[in-house]
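Okay, structure first, notes after.
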Amino acid sequence: MPSSYEELAEREEAAIIPLITSGYNRWFLESCSPGVCLNEMVQIEHNDLINLWKLMASEALFSALQSARDGIIVTGPKHEIQFMNSAAERLVGYTVEEMLGMDAQELHRKDSLNADVAGSISTQLESGKEWKGTLFHKRKSGECVPVVSKIAPVDINITGPLIWLGMSLFTKLDVRASLECDDATMRNWLQLVESHYLDNPYHNSTHAGDVMQATAYFLLKLRKKEIFDPLDETICLISAVVHDIDHPGRSSPFLCNSDHELAILYNDRSVLESHHAAFAFKLTLSDEKANIFHKLERDVYRTVRSSIIDMVLATEMTKHFEHLSKFLNVFQRPAQGDDGSNPEVFACSCGAERENVNAKTGDSER
122 MPSSYEELAE
132 REEAAIIPLI
142 TSGYNRWFLE
152 SCSPGVCLNE
162 MVQIEHNDLI
172 NLWKLMASEA
182 LFSALQSARD
192 GIIVTGPKHE
202 IQFMNSAAER
212 LVGYTVEEML
222 GMDAQELHRK
232 DSLNADVAGS
242 ISTQLESGKE
252 WKGTLFHKRK
262 SGECVPVVSK
272 IAPVDINITG
282 PLIWLGMSLF
292 TKLDVRASLE
302 CDDATMRNWL
312 QLVESHYLDN
322 PYHNSTHAGD
332 VMQATAYFLL
342 KLRKKEIFDP
352 LDETICLISA
362 VVHDIDHPGR
372 SSPFLCNSDH
382 ELAILYNDRS
392 VLESHHAAFA
402 FKLTLSDEKA
412 NIFHKLERDV
422 YRTVRSSIID
432 MVLATEMTKH
442 FEHLSKFLNV
452 FQRPAQGDDG
462 SNPEVFACSC
472 GAERENVNAK
482 TGDSER
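The sequence shown begins at 122 in this note's numbering and counts up one residue at a time.
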(Lines of atoms letter the chains of each structure in order from A; the text may use other names.)
(Lines give C-alpha, C1' and ligand atoms only; values in the text may rest on other atoms or scores of the structure.)
Protein backbone atom coordinates (compact mmCIF):
# COMPACT_ATOMS: atom_id res chain seq x y z
CA MET A 122 0.00 0.00 0.00
CA PRO A 123 1.28 3.48 -0.73
CA SER A 124 2.24 5.55 2.27
CA SER A 125 0.22 8.59 1.22
CA TYR A 126 -2.34 9.88 -1.23
CA GLU A 127 0.46 11.85 -2.92
CA GLU A 128 2.28 8.63 -3.81
CA LEU A 129 -0.95 7.12 -5.13
CA ALA A 130 -1.58 10.21 -7.24
CA GLU A 131 1.95 10.07 -8.65
CA ARG A 132 1.48 6.43 -9.63
CA GLU A 133 -1.86 7.17 -11.29
CA GLU A 134 -0.34 10.14 -13.16
CA ALA A 135 2.57 8.02 -14.36
CA ALA A 136 0.10 5.46 -15.69
CA ILE A 137 -2.21 7.87 -17.49
CA ILE A 138 0.26 10.29 -19.14
CA PRO A 139 1.56 7.76 -21.74
CA LEU A 140 -2.04 6.99 -22.72
CA ILE A 141 -2.86 10.68 -23.19
CA THR A 142 0.32 11.13 -25.23
CA SER A 143 -0.74 8.22 -27.44
CA GLY A 144 -4.02 9.95 -28.28
CA TYR A 145 -6.47 8.53 -25.73
CA ASN A 146 -8.74 11.17 -24.22
CA ARG A 147 -11.18 9.19 -22.07
CA TRP A 148 -10.78 7.05 -18.93
CA PHE A 149 -13.43 4.38 -18.42
CA LEU A 150 -13.47 2.11 -15.38
CA GLU A 151 -14.26 -1.51 -16.17
CA SER A 152 -17.87 -2.41 -15.46
CA CYS A 153 -19.99 -5.56 -15.77
CA SER A 154 -23.14 -3.51 -16.32
CA PRO A 155 -24.28 -3.43 -19.99
CA GLY A 156 -26.19 -0.21 -19.28
CA VAL A 157 -23.08 1.61 -18.03
CA CYS A 158 -21.07 0.48 -21.06
CA LEU A 159 -23.86 1.46 -23.46
CA ASN A 160 -24.20 4.91 -21.88
CA GLU A 161 -20.46 5.42 -22.23
CA MET A 162 -20.61 4.55 -25.94
CA VAL A 163 -23.57 6.90 -26.49
CA GLN A 164 -21.67 9.74 -24.79
CA ILE A 165 -18.61 9.11 -26.95
CA GLU A 166 -20.73 9.17 -30.11
CA HIS A 167 -22.67 12.33 -29.29
CA ASN A 168 -19.91 14.32 -27.56
CA ASP A 169 -16.91 13.41 -29.69
CA LEU A 170 -17.57 11.47 -32.86
CA ILE A 171 -20.54 13.37 -34.32
CA ASN A 172 -18.80 16.73 -34.03
CA LEU A 173 -15.59 15.26 -35.44
CA TRP A 174 -17.48 13.79 -38.40
CA LYS A 175 -19.16 17.13 -39.11
CA LEU A 176 -15.86 18.98 -39.06
CA MET A 177 -14.26 16.37 -41.30
CA ALA A 178 -17.14 16.55 -43.78
CA SER A 179 -16.94 20.35 -43.84
CA GLU A 180 -13.19 20.30 -44.38
CA ALA A 181 -13.50 17.68 -47.13
CA LEU A 182 -16.08 19.78 -48.97
CA PHE A 183 -14.03 22.97 -48.92
CA SER A 184 -10.85 21.08 -49.76
CA ALA A 185 -12.59 19.67 -52.84
CA LEU A 186 -13.84 23.13 -53.83
CA GLN A 187 -10.36 24.61 -53.46
CA SER A 188 -8.79 21.83 -55.52
CA ALA A 189 -11.27 22.10 -58.40
CA ARG A 190 -9.81 23.30 -61.71
CA ASP A 191 -13.00 25.21 -62.53
CA GLY A 192 -13.59 28.57 -60.90
CA ILE A 193 -16.29 28.31 -58.22
CA ILE A 194 -18.06 31.28 -56.64
CA VAL A 195 -20.74 30.83 -53.96
CA THR A 196 -23.19 33.68 -53.42
CA GLY A 197 -26.03 34.46 -51.05
CA PRO A 198 -29.65 35.28 -51.92
CA LYS A 199 -28.71 38.87 -52.81
CA HIS A 200 -25.78 37.79 -55.02
CA GLU A 201 -23.23 38.71 -52.33
CA ILE A 202 -20.07 36.62 -52.67
CA GLN A 203 -19.54 34.28 -49.71
CA PHE A 204 -16.84 31.97 -51.07
CA MET A 205 -14.54 31.65 -54.07
CA ASN A 206 -11.85 29.08 -54.77
CA SER A 207 -8.30 29.56 -56.01
CA ALA A 208 -9.24 28.99 -59.65
CA ALA A 209 -11.82 31.79 -59.46
CA GLU A 210 -9.21 34.09 -57.88
CA ARG A 211 -6.86 33.45 -60.80
CA LEU A 212 -9.66 34.01 -63.30
CA VAL A 213 -10.78 37.43 -62.05
CA GLY A 214 -7.46 38.62 -60.61
CA TYR A 215 -8.93 39.49 -57.21
CA THR A 216 -8.11 37.82 -53.89
CA VAL A 217 -10.87 36.22 -51.84
CA GLU A 218 -10.41 38.93 -49.18
CA GLU A 219 -11.23 41.61 -51.78
CA MET A 220 -14.27 39.72 -53.07
CA LEU A 221 -16.12 38.66 -49.90
CA GLY A 222 -19.41 40.54 -49.60
CA MET A 223 -19.10 42.03 -53.10
CA ASP A 224 -22.08 41.82 -55.49
CA ALA A 225 -21.26 39.04 -57.97
CA GLN A 226 -23.06 40.91 -60.74
CA GLU A 227 -20.31 43.54 -60.66
CA LEU A 228 -17.95 40.91 -62.08
CA HIS A 229 -19.89 40.73 -65.35
CA ARG A 230 -19.78 43.13 -68.26
CA LYS A 231 -23.11 44.96 -68.35
CA ASP A 232 -23.99 44.05 -71.94
CA SER A 233 -23.44 40.33 -71.22
CA LEU A 234 -25.80 40.43 -68.22
CA ASN A 235 -28.69 42.47 -69.59
CA ALA A 236 -32.27 42.29 -68.37
CA ASP A 237 -33.16 39.34 -70.62
CA VAL A 238 -30.19 37.26 -69.49
CA ALA A 239 -30.74 38.14 -65.82
CA GLY A 240 -34.42 37.22 -66.16
CA SER A 241 -33.55 33.91 -67.78
CA ILE A 242 -31.11 33.09 -64.98
CA SER A 243 -33.66 33.97 -62.28
CA THR A 244 -36.36 31.86 -63.96
CA GLN A 245 -34.09 28.82 -64.14
CA LEU A 246 -32.89 29.15 -60.55
CA GLU A 247 -36.39 29.67 -59.15
CA SER A 248 -37.53 26.47 -60.85
CA GLY A 249 -34.55 24.62 -59.35
CA LYS A 250 -32.74 24.24 -62.67
CA GLU A 251 -29.22 25.07 -63.81
CA TRP A 252 -28.47 27.94 -66.23
CA LYS A 253 -25.70 27.62 -68.82
CA GLY A 254 -24.30 30.32 -71.06
CA THR A 255 -21.38 32.60 -71.86
CA LEU A 256 -20.76 35.66 -69.70
CA PHE A 257 -17.98 38.23 -69.99
CA HIS A 258 -16.12 38.53 -66.69
CA LYS A 259 -14.28 41.72 -65.79
CA ARG A 260 -10.81 41.11 -64.41
CA LYS A 261 -9.10 43.40 -61.91
CA SER A 262 -6.91 44.69 -64.75
CA GLY A 263 -10.01 45.90 -66.61
CA GLU A 264 -9.80 43.18 -69.25
CA CYS A 265 -13.02 41.32 -70.11
CA VAL A 266 -12.80 37.59 -70.81
CA PRO A 267 -15.58 35.27 -72.08
CA VAL A 268 -16.35 32.46 -69.66
CA VAL A 269 -18.68 29.52 -70.24
CA SER A 270 -20.66 29.72 -67.00
CA LYS A 271 -22.93 27.38 -65.10
CA ILE A 272 -25.16 28.93 -62.45
CA ALA A 273 -27.01 26.45 -60.24
CA PRO A 274 -29.11 26.69 -57.07
CA VAL A 275 -27.84 24.87 -54.00
CA ASP A 276 -30.39 22.93 -52.00
CA ILE A 277 -29.46 23.27 -48.34
CA ASN A 278 -31.21 20.70 -46.18
CA ILE A 279 -29.65 21.81 -42.90
CA THR A 280 -32.29 23.39 -40.66
CA GLY A 281 -29.88 25.04 -38.20
CA PRO A 282 -29.63 28.79 -38.77
CA LEU A 283 -26.46 29.65 -36.86
CA ILE A 284 -23.86 28.68 -39.45
CA TRP A 285 -25.59 30.48 -42.34
CA LEU A 286 -26.75 33.58 -40.49
CA GLY A 287 -23.53 33.64 -38.48
CA MET A 288 -21.23 33.59 -41.52
CA SER A 289 -23.29 36.34 -43.15
CA LEU A 290 -23.22 38.63 -40.11
CA PHE A 291 -19.60 37.83 -39.26
CA THR A 292 -18.65 38.85 -42.81
CA LYS A 293 -20.76 42.02 -42.66
CA LEU A 294 -19.15 43.13 -39.39
CA ASP A 295 -15.68 41.87 -40.41
CA VAL A 296 -15.25 39.56 -37.42
CA ARG A 297 -12.48 37.74 -39.26
CA ALA A 298 -10.23 40.81 -39.17
CA SER A 299 -10.85 41.40 -35.46
CA LEU A 300 -9.94 37.82 -34.55
CA GLU A 301 -7.31 37.34 -37.30
CA CYS A 302 -9.26 34.19 -38.09
CA ASP A 303 -9.93 32.47 -41.43
CA ASP A 304 -13.36 31.54 -42.79
CA ALA A 305 -12.86 27.80 -42.31
CA THR A 306 -12.19 28.20 -38.58
CA MET A 307 -15.20 30.49 -38.13
CA ARG A 308 -17.41 28.05 -40.01
CA ASN A 309 -16.13 25.12 -37.95
CA TRP A 310 -16.75 27.05 -34.74
CA LEU A 311 -20.31 27.98 -35.69
CA GLN A 312 -21.03 24.39 -36.67
CA LEU A 313 -19.56 23.11 -33.41
CA VAL A 314 -21.57 25.59 -31.32
CA GLU A 315 -24.79 24.87 -33.19
CA SER A 316 -24.40 21.13 -32.63
CA HIS A 317 -24.37 21.76 -28.87
CA TYR A 318 -27.65 23.66 -28.78
CA LEU A 319 -30.17 21.08 -27.61
CA ASP A 320 -33.50 20.46 -29.34
CA ASN A 321 -35.52 22.53 -26.86
CA PRO A 322 -38.84 24.17 -27.80
CA TYR A 323 -37.39 27.63 -27.13
CA HIS A 324 -33.74 27.69 -26.01
CA ASN A 325 -32.40 26.23 -29.25
CA SER A 326 -30.12 27.38 -32.07
CA THR A 327 -32.97 29.33 -33.70
CA HIS A 328 -33.25 31.46 -30.56
CA ALA A 329 -29.48 32.02 -30.61
CA GLY A 330 -29.72 33.12 -34.24
CA ASP A 331 -32.58 35.48 -33.38
CA VAL A 332 -30.58 37.14 -30.60
CA MET A 333 -27.50 37.34 -32.84
CA GLN A 334 -29.49 39.06 -35.61
CA ALA A 335 -30.99 41.54 -33.13
CA THR A 336 -27.54 42.24 -31.69
CA ALA A 337 -26.15 42.87 -35.19
CA TYR A 338 -28.98 45.33 -35.87
CA PHE A 339 -28.17 47.09 -32.61
CA LEU A 340 -24.49 47.33 -33.60
CA LEU A 341 -25.17 48.56 -37.13
CA LYS A 342 -27.08 51.62 -35.90
CA LEU A 343 -24.90 54.61 -36.77
CA ARG A 344 -24.97 56.21 -33.33
CA LYS A 345 -23.65 53.02 -31.74
CA LYS A 346 -20.53 53.17 -33.92
CA GLU A 347 -19.30 56.04 -31.76
CA ILE A 348 -19.22 53.73 -28.73
CA PHE A 349 -17.95 50.36 -29.94
CA ASP A 350 -14.75 49.50 -31.78
CA PRO A 351 -14.57 46.42 -34.10
CA LEU A 352 -13.39 44.13 -31.29
CA ASP A 353 -16.34 45.21 -29.11
CA GLU A 354 -18.69 44.33 -31.97
CA THR A 355 -17.06 40.93 -32.34
CA ILE A 356 -17.43 40.27 -28.61
CA CYS A 357 -21.13 41.16 -28.80
CA LEU A 358 -21.80 38.78 -31.68
CA ILE A 359 -19.89 35.88 -30.11
CA SER A 360 -21.72 36.41 -26.81
CA ALA A 361 -25.06 36.36 -28.62
CA VAL A 362 -24.16 33.10 -30.37
CA VAL A 363 -23.19 31.23 -27.18
CA HIS A 364 -25.47 32.86 -24.60
CA ASP A 365 -27.76 29.80 -24.24
CA ILE A 366 -25.49 26.97 -25.44
CA ASP A 367 -26.20 23.53 -23.93
CA HIS A 368 -29.36 24.87 -22.24
CA PRO A 369 -31.08 21.91 -20.52
CA GLY A 370 -34.58 23.31 -21.07
CA ARG A 371 -35.14 24.07 -17.37
CA SER A 372 -34.78 27.34 -15.47
CA SER A 373 -32.10 28.09 -12.90
CA PRO A 374 -34.60 28.00 -9.98
CA PHE A 375 -35.73 24.54 -11.13
CA LEU A 376 -32.13 23.33 -11.21
CA CYS A 377 -31.47 24.76 -7.75
CA ASN A 378 -34.62 23.27 -6.22
CA SER A 379 -33.89 19.85 -7.73
CA ASP A 380 -30.24 19.85 -6.57
CA HIS A 381 -29.09 19.52 -10.17
CA GLU A 382 -25.35 18.99 -10.68
CA LEU A 383 -25.03 22.41 -12.36
CA ALA A 384 -26.65 24.14 -9.39
CA ILE A 385 -24.26 22.37 -7.05
CA LEU A 386 -21.28 23.22 -9.26
CA TYR A 387 -22.12 26.95 -9.40
CA ASN A 388 -23.43 27.28 -5.81
CA ASP A 389 -26.98 28.22 -6.91
CA ARG A 390 -25.70 31.51 -8.38
CA SER A 391 -26.31 32.41 -12.02
CA VAL A 392 -26.37 28.68 -12.69
CA LEU A 393 -27.35 28.57 -16.35
CA GLU A 394 -25.49 31.71 -17.37
CA SER A 395 -22.29 30.45 -15.72
CA HIS A 396 -22.70 27.11 -17.47
CA HIS A 397 -23.25 28.72 -20.89
CA ALA A 398 -20.12 30.85 -20.59
CA ALA A 399 -17.91 28.06 -19.23
CA PHE A 400 -19.19 25.50 -21.74
CA ALA A 401 -18.64 27.88 -24.66
CA PHE A 402 -14.96 28.37 -23.85
CA LYS A 403 -14.42 24.70 -23.02
CA LEU A 404 -15.89 23.76 -26.41
CA THR A 405 -13.96 26.41 -28.34
CA LEU A 406 -10.61 25.53 -26.82
CA SER A 407 -11.17 21.78 -27.20
CA ASP A 408 -10.60 21.76 -30.97
CA GLU A 409 -7.77 23.65 -32.63
CA LYS A 410 -9.61 23.66 -35.97
CA ALA A 411 -12.55 25.49 -34.38
CA ASN A 412 -10.63 27.76 -31.99
CA ILE A 413 -11.45 31.27 -33.19
CA PHE A 414 -9.23 32.80 -30.49
CA HIS A 415 -5.98 30.99 -31.24
CA LYS A 416 -4.31 33.91 -33.07
CA LEU A 417 -5.14 36.54 -30.44
CA GLU A 418 -2.34 37.84 -28.24
CA ARG A 419 -2.63 36.70 -24.64
CA ASP A 420 -3.68 40.05 -23.17
CA VAL A 421 -6.24 40.61 -25.94
CA TYR A 422 -7.63 37.11 -25.40
CA ARG A 423 -8.00 37.74 -21.66
CA THR A 424 -9.94 40.93 -22.39
CA VAL A 425 -12.17 39.17 -24.94
CA ARG A 426 -12.79 36.24 -22.59
CA SER A 427 -13.64 38.50 -19.65
CA SER A 428 -16.03 40.60 -21.75
CA ILE A 429 -17.84 37.58 -23.22
CA ILE A 430 -18.31 36.12 -19.73
CA ASP A 431 -19.67 39.46 -18.48
CA MET A 432 -22.12 39.67 -21.37
CA VAL A 433 -23.42 36.13 -20.99
CA LEU A 434 -23.83 36.57 -17.22
CA ALA A 435 -25.73 39.80 -17.91
CA THR A 436 -28.52 37.82 -19.60
CA GLU A 437 -29.74 36.67 -16.16
CA MET A 438 -33.16 38.29 -15.90
CA THR A 439 -33.22 38.41 -12.09
CA LYS A 440 -30.56 41.14 -12.25
CA HIS A 441 -32.32 43.20 -14.91
CA PHE A 442 -33.10 46.22 -12.72
CA GLU A 443 -29.62 46.18 -11.19
CA HIS A 444 -28.13 46.37 -14.69
CA LEU A 445 -30.61 49.07 -15.72
CA SER A 446 -29.67 51.22 -12.75
CA LYS A 447 -25.96 50.88 -13.54
CA PHE A 448 -26.60 51.66 -17.20
CA LEU A 449 -28.29 54.95 -16.33
CA ASN A 450 -25.27 56.04 -14.29
CA VAL A 451 -22.26 54.49 -16.01
CA PHE A 452 -21.77 57.11 -18.74
CA GLN A 453 -21.87 59.94 -16.22
CA ARG A 454 -18.45 58.77 -15.02
CA PRO A 455 -15.32 60.13 -16.72
CA ALA A 456 -13.80 57.03 -18.38
CA GLN A 457 -14.08 54.17 -15.92
CA GLY A 458 -16.38 53.52 -13.03
CA ASP A 459 -15.22 53.56 -9.44
CA ASP A 460 -15.23 49.78 -9.58
CA GLY A 461 -12.92 49.73 -12.62
CA SER A 462 -15.73 48.71 -14.97
CA ASN A 463 -15.51 49.47 -18.67
CA PRO A 464 -18.47 51.54 -20.00
CA GLU A 465 -18.23 50.01 -23.47
CA VAL A 466 -18.33 46.47 -22.12
CA PHE A 467 -21.19 47.33 -19.80
CA ALA A 468 -23.13 48.89 -22.69
CA CYS A 469 -22.57 45.67 -24.64
CA SER A 470 -23.87 43.67 -21.68
CA CYS A 471 -27.03 45.78 -21.47
CA GLY A 472 -27.49 45.40 -25.21
CA ALA A 473 -27.22 41.62 -24.92
CA GLU A 474 -29.79 41.58 -22.14
CA ARG A 475 -32.14 43.80 -24.15
CA GLU A 476 -31.92 41.65 -27.29
CA ASN A 477 -32.52 38.53 -25.20
CA VAL A 478 -35.67 40.14 -23.78
CA ASN A 479 -36.76 41.19 -27.27
CA ALA A 480 -36.31 37.63 -28.51
CA LYS A 481 -38.55 36.39 -25.69
CA THR A 482 -41.29 38.97 -26.30
CA GLY A 483 -41.10 39.14 -30.09
CA ASP A 484 -40.54 42.91 -29.97
CA SER A 485 -40.42 44.14 -33.58
CA GLU A 486 -39.30 47.66 -32.67
CA ARG A 487 -35.72 46.66 -31.99
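From the three backbone atoms N, C-alpha and C, an ideal C-beta is built for every residue, glycine too.
If you draw a 10 Å sphere on the C-beta of Ser152, you find fewer than 16 other C-beta atoms in it, and that means exposed.
In this structure, the straight-line span from the alpha carbon of Leu383 to that of Arg390 is close to 10 Å. Taking Glu315 as reference, the option from Leu150, Ile171 and Pro155 with the minimal CA-CA separation is Ile171. Taking a C-beta distance under 8 Å as the contact criterion, Ile413 and Leu228 do not qualify as a contact pair. Between Ser379 and Glu437, the alpha-carbon positions lie close to 19 Å from each other. Between His200 and Ala239, the CB-CB gap reaches or exceeds 8 Å.
Assignment of Glu201 by DSSP, reduced to helix, strand and coil, places it in the strand class. The criterion of a C-beta distance shorter than 8 Å is satisfied by Asp367 and His396. Residue pairing by DSSP places Ile272 opposite Trp252 in a beta bridge. Pro282 sits in coil when the DSSP states are folded into three classes, being neither helix nor strand.
Positions of the beta strand (DSSP E) runs, each at least 3 residues long and wholly inside the stretch 357–398, cannot be given because no such run exists. Contact between Ile356 and Ile429 holds: CB atoms are separated by about 6 Å, below the 8 Å threshold. In terms of CA proximity to Leu404, Tyr318 leads the group Pro374, Ala435, Ser427 and Tyr318. For Ile429, the enclosing alpha helix (DSSP H) begins and ends at Arg419 to Leu434.
Boundaries of the alpha helix (DSSP H) around Ile242: Ala236 to Glu247.
Between the stretch 179–192 and the stretch 300–309 there are three or more inter-stretch CB-CB distances shorter than 8 Å, so the stretches are counted as touching. Beta-bridge annotation (DSSP): Cys265 is paired with Lys259. Taking 8 Å as the cut-off, the Cβ atoms of Lys261 and Gly330 do not count as close. Between the alpha carbons of Val268 and Phe291 lies a distance of about 31 Å. Going by C-alpha positions, Gly254 is about 7 Å away from Lys271. Of the other Cβ atoms in all chains shown, fewer than 16 fall within 10 Å of the Cβ of Ala298; this residue is therefore exposed.
In this structure, Lys231 is the residue among Lys231, Ile284, Asp237 and Thr244 with its C-alpha nearest to the C-alpha of Val266.
For Met333, the closest alpha carbon among the candidates Asp353, Ile359 and Trp310 is that of Ile359. In chain order, Gln226 and Leu256 place their CB closer than 7 Å to the CB of Leu234, counting only its own chain and leaving out the 5 sequence neighbours on each side. Straight-line measurement puts the Cα of Val425 at about 32 Å from the Cα of Gln187.
Exposure of Ala236 is indicated by the presence of fewer than 16 other C-beta atoms within 10 angstroms of its C-beta. Per the DSSP secondary-structure output, Asp224 pairs in a beta bridge with Glu201.
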